[in-house]
Each structure stands twice: as structure tokens, then as C-alpha cells.
Amino acid sequence: MNTLSKKTTSIACELAFIPGTPQKLSGALVTWQDGKISEVKVCHPRDWQQSIKAWKQEYPDLQVYEDKLLTPAFINPHTHIAMNFFRGLEASATSTKGNMIEDLFYHVESHLSYEDVLAFSRLGAYENLLNGVAMVWDHYYHGHAVATALSDVGLTGVVAPTLQDLAGPGKSRWEEEWLQTESIYQSKDLAQKGIFAAMGPHASDTCSAGLWKKVISSAKKMKIPIHCHAAQSFEEYARIEQREGKSPISWLAGLGLFSEGPEILAVHNIFADKADLKLLGQSKSVSLCFCPFSSLVFAIPAAIEYWDQYEIPWCVGTDCVASNDSMNIQKELRMIAGMPMYNLSRTDSYLNFIEGKNASNLNTMNQERQSSWENTTKQRSPESLLKKVWALPGSIHTQFAAGEIATGKLANLLIWDLSDPSIWPSRSLHTIAMGDSSRAIYQMICNGRFMGKDGQFEASIKQSLVFQEHLKEAKARYHSMLNRCGLS
Ligand SMILES: [Zn+2]
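Taking our numbering, the leading residue of the sequence shown gets 45, the next gets one more, and so forth.
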């Protein structure tokens, strides 16, 4: 599945989301070579039939997709794909009250081998693939195994082997992860497959000042981003406050993380106050990442409206399956769109209503809802939501660009079947931002390769011999891993 096609491929789709065109959706012809888009032509939807005739003459091998929608494939900007094995683990349920990361994950992760991570990451990669995600930003131990799994499955990605020298299951082997970071960075073969490196310090409390400084200076030299967790837990905040007398964000800022130059992808940022947000807003190199469902499980959701207030760019990820049991990025977008309304059921007027003082509160509630609805129209627009899983995470790395159908970007594309009941009769981006439409994926192109059979995308992948082999190995390793951890 992972042989890179050197030939030029052209497809035409009846509708496509092409940036900069006057109408939101146009007919389009897209050509790519060596995994990158080399040409884009558009036509008004009403001129589709006429354009197709002309394009067929010009491009004799053109593959034409009638009644289909072409969009960029999704980018999942923060995940740990190997952690899909935590799904359904009963211990997860009992550990979510406290610090799930430290109570459960660290224990199990200290028993994981390189081969375990490779086998579980392949399954995580398939789950992303089947949900229309062509690129993941991953952060995990045995990072080279994650990169190999992406290559085996055919997904593109940015892999940050986890670095931690003070606490956590990787603290005694961070030098090995450092070497793996360099190895991914130097691999021309991986780069050709759309797999790149980022520096992956784990979090403020698990990495020393010395390690952070080494990371910042190396990322600067290598011109690669730093992908880290920041201000993610109550415990992290308390530890840094006690150790350094500052908040995690303020301490990291003091080390130069947000001002030295490398692009920063800082994930969660739940425990950042206005002073912290002001610091982040002044940075020219930071993007935050919000993982809505995950943060609901392991902590609380960040107040993202403040991120907007301080004009800090932010994207949307799933985090790992273990904290939300799904790698479907569409459901995360829908959650964000609904959050402003969700907050309204905790206002004084609504709580008074619950207490039985309804007559005087209905009007206030209605006004609060109207005003919240109007103030968040932009936040809830399909274009604004999709940007957080397309163009924004596709523009953070210096070695590639993705998330847009434009010349020079990675050819990571989704072809949607507009006749599928989960999309029909919509012919707009609204359904892509708000729907459950994985089953309407007709075909997916990843780094220029067709990943399944037209119209049988999911079935053709799940029935392939290579998937069956990967599944068999993951199952065997799962059971032996449970035994080793005393969880079987
Ligand atoms: Zn994470």
C-alpha cells in the first residue's frame, strides 16, 4: 500500500472546496505528482459538463467523479495513535476520577515494547484513515515505531518521540527517543512518504529546564516545530507553581519557548490564566490545540473563547482514544459548535428556572441565548471549524504544507459520495463540519496514493490481507501486554 507513485495523476470532481474561488464549492480538476498537488483548475458548477469535455481531451487518463465532493483530508493535530489499545480497558473507567495519565497510563506504558507500539500504532493509523484523517501529529514513546506504522499503513504524519527526563515512563530513556527524533528527521525515505519529525517534550512538569533549552535550540537548528502538552492538569500546575513559583506557561515563556523562533504546537492549555494568555498572544510562533472530548474526560475543557480574545491561533485534535474512545475528528468540531449553548444551562437565570422561578427567567434566558448565538456565529461557521483541522495544522511545519487543495500542498484528499444517506441532500461544507459522514467517504488520497477502492473505501481496506495481518499481530500483542501489566 505504500509504494509512492511517480506518475502524474489527475482527477476531476463535480464539486470541490478550493480556497480563493468566488463560490464556496466549484467543479475542479486536481493534478498531483510525487505526493504533491501540481495543478488545480476550477469551473463554475453550472459549467461542469462543458469543462469535463475539454479536460478529458487535455488529460487522457483523467478520472472523473460525478456527483462527488472533493475536500482536503482531515489533519488530526494531536494524538497518540498507539494508545488505541486502552479502549475499553475497564481500568480506564476507574482511573478517570483522579489523574488518569499518571494513575493508569504511566503504569501500562512502562511495560510497552517497540514492537507493541508498532503493532498498536498501525491499528490507530487505520482508525484515523477510516475517519478521513490523512495526517496525524503524534506524540509517543518509541516514536520510530509510530513513524514505521504510519509508513506501513500509508498515512502521513508528524511524529514527536516523547521526551521526558524528570518523571513518566520514558524518563530513563529520553536519550534514545532523542536519537529516534533525529533518525526520523534525517530519513529521506520517510519524508518522501509524507512523514516528518517534531521535537516532543512531554510537559512542563516532566521535563527539566535543561532539557527544554536543549529542545528549543535543536528545534531552531533543525527548523522543526516543538509539539508538547502545556498546562494540562491540576497536578502539573501545582508542581510548577511549587517548584518555580510561576504558572507552567509563564515558566515555559521564561525559558524562551514562545519567543526563540521554532513553531510551537502547545496542547490543552486548560490551566492558563489571562496573564498566561497575554504571553501566548504576544508570541508569533505558537498555536494551541483543543481536544474537546478528551479534556472532558481527563480534566475540564479550556475556555476557548479567551484564546480567541487574545488572538491565539488554535486547532482541534482528538488526543488519544483512551480519553474519549474515538478518533473521529468530525465529532470534535460539532462539540465546539455546540459549546456556547452548553454553557447557558449553568447561568443564574437557568438555575433559577430549575428552582421553579420560571416566569421571571424565561425572557432573560431567551435573550442570553439569542445574544450567545449571534456572538458565536463565526466560531460555529463550517469554514472556521474546518480550518482548525485543515489549513491551520497544515501550515505549522516548515518542511511541508497540507490541508488545502492548492499547488505545492500534500495531495491528501477526500472524495465524498453525495448520494450517501449520511450526507444527502446537502451539497455544502456544513455536513462535513457537523455530520457523521465517515461512511460517505468514497475514496481517499494520501500522499498522492488512492487508499481504497472507489465506492468501497472502508470494506476494501478492512478486507485487505495487509490489514488482516496487522490486526492479527495487534491482537496477539494486546493479550500478552495485558498479562505483563497484570490487567488481564
Ligand atoms: Zn496528549
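All C-beta atoms in this analysis are idealised placements derived from N, C-alpha and C, irrespective of residue type, glycine included.
None of the values given here were measured: they were computed from a predicted structure.
Which class does residue i belong to by DSSP, given the choice of helix, strand or coil?
{"i": "Asn46", "result": "Unreliable placement is indicated for Asn46, whose pLDDT of 44 sits below 50; no coordinate value is reported for it."}
{"i": "Phe501", "result": "helix"}
{"i": "Asp160", "result": "helix"}
{"i": "Glu412", "result": "helix"}
{"i": "Glu517", "result": "helix"}
{"i": "His186", "result": "coil"}
{"i": "Gly298", "result": "helix"}
{"i": "Leu167", "result": "helix"}
{"i": "Trp434", "result": "coil"}
{"i": "Gly382", "result": "helix"}
{"i": "Cys529", "result": "helix"}
{"i": "Ile314", "result": "coil"}
{"i": "Ala211", "result": "coil"}
{"i": "Ser82", "result": "strand"}
{"i": "Ile239", "result": "strand"}
{"i": "Lys536", "result": "Limits of the chain in this structure are 45 at one end and 532 at the other, which puts residue 536 out of reach."}
{"i": "Thr52", "result": "coil"}
{"i": "Lys539", "result": "Any property of residue 539 remains undetermined from this structure, which presents the chain solely from 45 to 532."}
{"i": "Thr75", "result": "strand"}
{"i": "Gln93", "result": "helix"}
{"i": "Ser227", "result": "helix"}
{"i": "Ile308", "result": "strand"}
{"i": "Ser404", "result": "helix"}
{"i": "Phe61", "result": "coil"}
{"i": "Gln107", "result": "strand"}
{"i": "Met179", "result": "strand"}
{"i": "Ser303", "result": "coil"}
{"i": "Ser425", "result": "coil"}
{"i": "His523", "result": "helix"}
Can you tell me where the beta strand (DSSP E) holding residue i begins and where it ends?
{"i": "Leu207", "result": "Thr200 to Leu207"}
{"i": "Pro121", "result": "Phe118 to Thr123"}
{"i": "Leu388", "result": "Per DSSP, Leu388 belongs to no beta strand (DSSP E) and is neither H nor E."}
{"i": "Ser370", "result": "From DSSP, Ser370 is part of no beta strand (DSSP E); its letter is neither H nor E."}
Can you tell me whether residue i is buried or exposed? The criterion is at least 16 other CB atoms within 10 Å of its CB, across all chains shown.
{"i": "Trp256", "result": "buried"}
{"i": "Phe302", "result": "buried"}
{"i": "Phe164", "result": "buried"}
{"i": "Leu406", "result": "exposed"}
{"i": "Pro66", "result": "exposed"}
{"i": "Tyr386", "result": "exposed"}
{"i": "Thr47", "result": "Any reading at Thr47 needs caution, since the residue's pLDDT is 46, under 50, leaving its predicted position unreliable; the model's value is listed next. By the neighbour-count rule (16 or more Cβ atoms within 10 Å), Thr47 is not buried but exposed."}
{"i": "Gly289", "result": "exposed"}
{"i": "Ser389", "result": "exposed"}
{"i": "Asn527", "result": "exposed"}
{"i": "Ile284", "result": "buried"}
{"i": "Asp320", "result": "buried"}
{"i": "Ala117", "result": "buried"}
{"i": "Ala247", "result": "buried"}
{"i": "Asp209", "result": "buried"}
{"i": "Ala178", "result": "buried"}
{"i": "Arg90", "result": "exposed"}
{"i": "Trp218", "result": "buried"}
{"i": "Arg68", "result": "As written in the sequence, residue 68 is Lys, which differs from the Arg given in the question. Under this definition Lys68 is an exposed residue."}
{"i": "Leu93", "result": "Correcting the residue identity first, residue 93 is Gln in this sequence and not Leu. It counts as exposed."}
{"i": "His88", "result": "exposed"}
{"i": "Thr250", "result": "buried"}
{"i": "Thr200", "result": "buried"}
{"i": "Phe278", "result": "exposed"}
How would you write the range of the alpha helix (DSSP H) that residue i sits in, first residue to last?
{"i": "Val152", "result": "Tyr150 to Glu153"}
To test your reading of the DSSP string, which unbroken alpha helix (DSSP H) runs of 4 or more residues are found completely within the segment 241 to 295? 253 to 266 and 278 to 288
Along the chain, which unbroken stretches of the beta strand (DSSP E) at least 3 residues long are found entirely within the segment 319 to 357? 330 to 334
Looking at C-beta atoms only, is the number of pairs between the segment 466 to 475 and the segment 182 to 193 that lie closer than 8 Å three or more? no
Could you give the uninterrupted runs of the beta strand (DSSP E) lying entirely in the segment 430 to 492, keeping only those of 3 residues or more? List check, beta strand (DSSP E) in window: 457 to 461 and 485 to 490.
With three or more C-beta pairs closer than 8 Å as the rule, is the segment 368 to 382 touching the segment 110 to 126? yes
Count the C-beta pairs between the segment 100 to 109 and the segment 147 to 155 that are closer than 8 Å, then say yes if the count reaches three, no if not. no
Inspect the CB distances between the segment 423 to 432 and the segment 73 to 80 and report whether three or more fall short of 8 Å. no
Looking at C-beta atoms only, is the number of pairs between the segment 269 to 277 and the segment 305 to 316 that lie closer than 8 Å three or more? yes
Should the segment 179 to 188 be regarded as contacting the segment 201 to 219, the criterion being three or more beta carbon pairs within less than 8 Å? yes
Pairs of beta-carbons, one from the segment 344 to 364 and one from the segment 442 to 452, closer than 8 Å: are there three or more? no
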